[in-house]
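Everything below concerns the one structure shown next.
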Amino acid sequence: MDQLGGAVWTLLGIGLCLGSLKLKIGGFHDPGAGFIPFLVGLILISLGVVLVISNSTMRGEPQDQKAPNIRKRNYFRPFMTVILFMIYILTSEVLGFLLATFFFLFSLFEITAPRKWLMSLLISFVATISGYLIFSFWLGCPLPKGLWGF
Amino acid sequence: MTGFLENISLGYQVAFTIQNLFYCFIGVLVGTLIGVLPGIGPGGTISLLLPITYGISPTSAIIMLAGIYYGAQYGGSTTSILVNIPGESTSVVTCIDGYQMARQGRAGPALGIAAFGSFIAGTIGTILLMFIAQPMSSFGLKFGPPEYFSLMILAITFLAYFASGSMVKALIMAAMGIGLSQIGIDMVSGKSRFTFGITSLEDGVGLVPLVMGLFGIGEILTNLEEIGNINIFKSKIKGLLPTLKDWKDSIGSIIRGSFLGFFLGTLPGGGAIISTFISYTLEKKISRHPEKFGTGAIEGVAGPESANNAASTGAFIPLFTLGLPSNAITALLLGALMIHGMQPGPFLIKKHPDLFWGTIISMYIGNVLLLILNLPLINIWIKLLRVPYRILFPFLLFFCFIGSYSINNSLFDVLVMLLFGITGYTLRKFGYDLPTLILAFVLGPLLENSLRQSLLISAGALDIFFKRSISATCLTIALFILCFSFLTKKRKSILTKIGQDS
Chain A
60 MDQLGGAVWT
70 LLGIGLCLGS
80 LKLKIGGFHD
90 PGAGFIPFLV
100 GLILISLGVV
110 LVISNSTMRG
120 EPQDQKAPNI
130 RKRNYFRPFM
140 TVILFMIYIL
150 TSEVLGFLLA
160 TFFFLFSLFE
170 ITAPRKWLMS
180 LLISFVATIS
190 GYLIFSFWLG
200 CPLPKGLWGF
Chain B
162 MTGFLENISL
172 GYQVAFTIQN
182 LFYCFIGVLV
192 GTLIGVLPGI
202 GPGGTISLLL
212 PITYGISPTS
222 AIIMLAGIYY
232 GAQYGGSTTS
242 ILVNIPGEST
252 SVVTCIDGYQ
262 MARQGRAGPA
272 LGIAAFGSFI
282 AGTIGTILLM
292 FIAQPMSSFG
302 LKFGPPEYFS
312 LMILAITFLA
322 YFASGSMVKA
332 LIMAAMGIGL
342 SQIGIDMVSG
352 KSRFTFGITS
362 LEDGVGLVPL
372 VMGLFGIGEI
382 LTNLEEIGNI
392 NIFKSKIKGL
402 LPTLKDWKDS
412 IGSIIRGSFL
422 GFFLGTLPGG
432 GAIISTFISY
442 TLEKKISRHP
452 EKFGTGAIEG
462 VAGPESANNA
472 ASTGAFIPLF
482 TLGLPSNAIT
492 ALLLGALMIH
502 GMQPGPFLIK
512 KHPDLFWGTI
522 ISMYIGNVLL
532 LILNLPLINI
542 WIKLLRVPYR
552 ILFPFLLFFC
562 FIGSYSINNS
572 LFDVLVMLLF
582 GITGYTLRKF
592 GYDLPTLILA
602 FVLGPLLENS
612 LRQSLLISAG
622 ALDIFFKRSI
632 SATCLTIALF
642 ILCFSFLTKK
652 RKSILTKIGQ
662 DS
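Top line first, the protein sequences correspond to chains A and B.
60 is the number of the first residue of the first sequence in my numbering; add one for each residue after it.
162 is the number of the first residue of the second sequence in my numbering; add one for each residue after it.
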C-alpha cells in the first residue's frame, strides 16, 4: 500500500512542478512565485520515489505497520457520516439551519443506535433548538438561512 | 530587577481582570474536558474556538487558548488511569502504571499524584519561562532571515524525526504542509497560485478548516470505526490525597520530570511525548525497584505526568521569544496571534508586555484552577466519561460545522474542512503524521519570506546559510538528523528501545 502512496506523492510532486513552471520559477537571484512550490514538488517526487523503492526492496517485511488489528472495524459508519455531512452542507442553505441540523443529527444517531429512534428524535430536537439559541442569539454567530429565512 | 518586578506587577494587573480570569477559567475547563474525552484533542478544540476569539482582546484569546493546551495535559491522565485509554498522546505512558494502580484499588492516589505532579511541574515550568524568556528574546534579536530559515528547517526536521512511524512519511507531510501554504495570492508578485479559478482560495487555505478537518473530523471518522462500551470504575473515587510514602516515592520523579520536560519542550519540534517516554525510562533506570514498573509504581505516573505539563509550558519559549512554534498546538497559537495582527518574534515581549506577562501570570492561576477542577471535581469528569461516543460525535460534528462556517459565513470553508477530514482520516490509516503537516503549513509563508529575503541579501548566493554561525549550526544539526534517520535501523532501534523500556 505504501508503494501506491509513494506513486501518488510522486505524481502530486510532478503536478506541483508543472504548475510552478507556469508561475515563473525565477532563479536564486530573483526567486519567483513558483520557486518554493517547485522546490516542494521536487522534494515530493524524491520522497515518493524513496517510499516506492524502500517498500519494494522490503517486500515480505512490512515496515511501519502496526500489528494486524484483530478487532473488527466498521467502515460503514465513517462512510455514512461523510455522506450525511455532505448532504448537511448542501442542504443547509436550502432547508435552513434548523431543519438541516435536525435531520443531520437525527440521521447520525440512527446510524449508531438504530433502534432508539424516539430518543434520537428527542435529543436531535433539543440539541437543534439549544444550538440555535446559543449560537445565533447568545453568541451572535451567523448561521445559514434557508428558503424560509431560518 | 526593578524592571522584572514591574513586569510581574503588570502581569498580575492583566491576569486578574474579571475578563481574563473568566477566559482563563474557560480555557482550563475546556482543556480538562477535552483531555478527559478521548476522540477530541487540543488541536481540534483550539481551531474550533479560534473564530470565537476574534471579538476579544489578543491577550484574553491567548490566555484562553493556552489554558486549553496545558489543561488538556491534566485531563489526559484521567482516562489513562481509569480506562487505560490515553486522553492525549502525551498520556500514553501514564497508562502503564496508572491503570495498574487503579486495578489495585489505588486510582485515587494515581489521579492525585498526576494532578499534584502536573501542578508542581506547571509551576516550575512557568517560573523557568519567566526567567528564560527575556534573555532568550534578546538572543533572538541576533536572528536575521537566514537564521530564521535554518531554524524553521530544524524545527520541521525535529518534528519529523520524533513523529510516529516512518521519517519519509513525516517529511512528505512537511512538504505537503508547505505546499498547501502556497495556495493563494503570492504577496511579492501578486500572482494567484494553485487557486484553480476559485475566488475563495485566493486568501489561501484557512488554518481553521484545515486543522478542524485533519484533527477534528479525521479523528471522529477514525473513532467511528470502533465504537465500543468502555469499562470504567463504577464506584466513587476516594482517597485522592497521596500518602506520605507516595510523596516520598514520587517527589524526586516530579522534580526530574519537570526540568526534563521543560527543556525538551523548548526544543524546536517539541518534545512533550518524547519527554514522557524519557522520564519513564529515566525513573525506571534509577529506581531501586525497577521490577515494580509496569505493575503500578507511582513514580511511573508522577514522572511522565510532570514531564508532559512542563513540556507544554516550555513550548512557549520559542513561540514568545522567536515567534517560532515548536509543535502543532503552538503553531495554532501563532496563527491566533497573527489573526489578531500581532507580529510574533523577539520584539513581542517588548512591544506587548501585557500579553506576555499577563499570559505567564494566568498560567499560575490556571494551574491552581486545574488542581481544583481535577481533584475535588474528579467524580464529575468520570461521569462525563460515561457519555457514550455515539451520543457525543454528532455534537462534535455539529460544532465543527458552526466553527468553520462562522469564520467567513461561507459553506466553502465547511466543504474544505470536510475534504481535509477525509484526507486526515485516510492519511491516519496509512501511518502519516499529521502534526508535521500543520506545523509546516503554519511555517510555510514565514519560510518562504525568510528564504526570499536571505537570497536577496546574498544576491543569490546560497552560502549565506553556512557563513553565519547560528544558521550553519541549525542546518548542520538538521542535516545530521536526516542522515542519521535514513539509516533507518539506527533510528528505529533507539525509539524501539525507549518503547520497550517503557
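Beta carbons are placed, not taken as given, at the ideal position from N, Cα and C, and that holds for glycine.
Have a look at residue i and residue j and give me their C-alpha separation to the nearest angstrom.
i, j, result
"G119 of chain A", "L332 of chain B", "At G119 of chain A, the pLDDT of 47 sits below 50, so the modelled position is not reliable and the matter cannot be decided from this model."
"T220 of chain B", "L516 of chain B", "5 Å"
"K125 of chain A", "L375 of chain B", "Per-residue confidence for K125 of chain A stands at a pLDDT of 44, beneath the threshold of 50, marking its modelled position as unreliable; the derived number appears in the next sentence. Between K125 of chain A and L375 of chain B, the C-alpha separation is close to 21 Å."
"P127 of chain A", "E386 of chain B", "Here P127 of chain A scores only 43 on pLDDT, less than 50, and its place in the model should not be relied on; the value that follows carries that caveat. So the two alpha carbons sit approximately 15 Å from each other."
"Q122 of chain A", "V329 of chain B", "With a pLDDT of 45 at Q122 of chain A, under the threshold of 50, the predicted position of this residue should be treated as unreliable, though the coordinate-derived value follows. Roughly 12 Å between the two C-alpha positions."
"F196 of chain A", "L483 of chain B", "40 Å"
"Q261 of chain B", "G455 of chain B", "7 Å"
"F559 of chain B", "T160 of chain A", "8 Å"
"I752 of chain B", "I84 of chain A", "The first residue shown for chain B is 162 and the last is 663, placing residue 752 of chain B beyond what the model contains."
"Q504 of chain B", "S179 of chain A", "48 Å"
"K512 of chain B", "S298 of chain B", "12 Å"
"A316 of chain B", "T634 of chain B", "13 Å"
"W68 of chain A", "E466 of chain B", "38 Å"
"T584 of chain B", "G379 of chain B", "7 Å"
"E169 of chain A", "A492 of chain B", "37 Å"
"D594 of chain B", "I434 of chain B", "14 Å"
"S654 of chain B", "T637 of chain B", "Because the pLDDT of S654 of chain B is 46, which lies under 50, any placement of that residue in the model is unreliable, and the question is left without a value."
"S353 of chain B", "G621 of chain B", "24 Å"
"L70 of chain A", "L98 of chain A", "15 Å"
"L157 of chain A", "L192 of chain A", "11 Å"
"V153 of chain A", "V575 of chain B", "16 Å"
"Y586 of chain B", "I148 of chain A", "19 Å"
"F300 of chain B", "F165 of chain B", "18 Å"
"G502 of chain B", "Q62 of chain A", "44 Å"
Measuring CB to CB, does residue i end up less than 8 Å from residue j?
i, j, result
"M667 of chain B", "S208 of chain B", "Since the first and last residues shown for chain B are 162 and 663, residue 667 of chain B lies out of range."
"I526 of chain B", "C256 of chain B", "no"
"I490 of chain B", "Y230 of chain B", "yes"
"I102 of chain A", "Q343 of chain B", "no"
"M334 of chain B", "L598 of chain B", "yes"
"I563 of chain B", "C200 of chain A", "yes"
"G519 of chain B", "V191 of chain B", "no"
"V369 of chain B", "L211 of chain B", "yes"
"L382 of chain B", "M145 of chain A", "no"
"A276 of chain B", "G259 of chain B", "no"
"S632 of chain B", "E308 of chain B", "yes"
"L110 of chain A", "L143 of chain A", "no"
Quick one: which chain A residues come within Cβ less than 9 Å of residue i?
i, result
"E609 of chain B", "P90, F94, I95"
"R589 of chain B", "Those do not exist, as R589 of chain B stays about 11 Å from chain A at its closest Cβ, beyond 9 Å."
List the residues of chain B that residue i touches, going by C-beta distances under 7 Å, in chain order.
i, result
"C200 of chain A", "I563, S567"
So which residues of chain A does residue i contact, with C-beta pairs closer than 7 Å?
i, result
"S350 of chain B", "G91, A92"
"D347 of chain B", "A92"
"Y586 of chain B", "P137"
Report the CB separation of residue i from residue j in whole angstroms; it is logged as a contact under 8 Å.
i, j, result
"A471 of chain B", "G418 of chain B", "7 Å"
"S487 of chain B", "L428 of chain B", "7 Å"
"Y566 of chain B", "P203 of chain A", "7 Å"
"G232 of chain B", "G196 of chain B", "6 Å"
"F581 of chain B", "L371 of chain B", "5 Å"
"Q234 of chain B", "T206 of chain B", "At roughly 13 Å, the Cβ-Cβ gap does not stay under 8 Å, so Q234 of chain B and T206 of chain B are not in contact."
"A468 of chain B", "G422 of chain B", "3 Å"
"V254 of chain B", "Y441 of chain B", "5 Å"
"N603 of chain B", "G496 of chain B", "It is Val, not Asn, that sits at residue 603 of chain B in the sequence shown. The Cβ separation is near 6 Å, so the contact holds."
"G91 of chain A", "S238 of chain B", "Actually they are not in contact, since the Cβ atoms of G91 of chain A and S238 of chain B sit about 50 Å apart, beyond 8 Å."
"F364 of chain B", "G345 of chain B", "Correcting the residue identity first, residue 364 of chain B is Asp in this sequence and not Phe. With a Cβ gap of about 6 Å, D364 of chain B and G345 of chain B count as contacting."
"Q614 of chain B", "P247 of chain B", "Not really, about 42 Å apart at Cβ, beyond 8 Å."
Please list, in chain order, the chain B residues whose beta carbon lies closer than 9 Å to that of residue i.
i, result
"T69 of chain A", "Within 9 Å Cβ-Cβ: nothing; T69 of chain A doesn't reach chain B, min ~10 Å."
"E152 of chain A", "L572"
"A186 of chain A", "P555, F556, F559"
"G78 of chain A", "R354, F355"
For residue i, return the contacting residues in chain A, with the cut-off set at a CB-CB distance below 8 Å.
i, result
"A497 of chain B", "What A497 of chain B touches in chain A: nothing, since even the nearest Cβ is about 18 Å away."
"Q343 of chain B", "I95, P96, V99"
"E363 of chain B", "Here the premise fails: no neighbours, minimum Cβ distance about 13 Å."
Interface residues of chain B around residue i at Cβ under 8 Å?
i, result
"G190 of chain A", "F559, I563"
"P173 of chain A", "In chain order: nothing, as chain B lies at least about 11 Å away."
"V141 of chain A", "L382, L579, G582, I583"
Hey, is residue i close to the ligand GDP, as in C-beta under 7 Å from one of its heavy atoms?
i, result
"F424 of chain B", "The ligand content of the structure shown is nil, which means the ligand GDP is not present either."
Interface positions of the segment 609 to 641 of chain B facing chain D (Cβ-Cβ less than 8 Å), listed along the chain
Absent here is chain D; the protein component of the structure consists of chains A and B.
In chain order, each alpha helix (DSSP H) run of at least 4 residues that lies wholly inside the segment 589 to 654 of chain B:
For the segment 589 to 654 of chain B, whole alpha helix (DSSP H) runs of length 4 or above, ordered along the chain, are 595 to 618, 625 to 628, 630 to 647.
Going along the chain, which unbroken runs of the beta strand (DSSP E) with 3 or more residues stay wholly within the segment 499 to 544 of chain B?
Along the length of the segment 499 to 544 of chain B, whole beta strand (DSSP E) runs at least 3 residues long do not occur.
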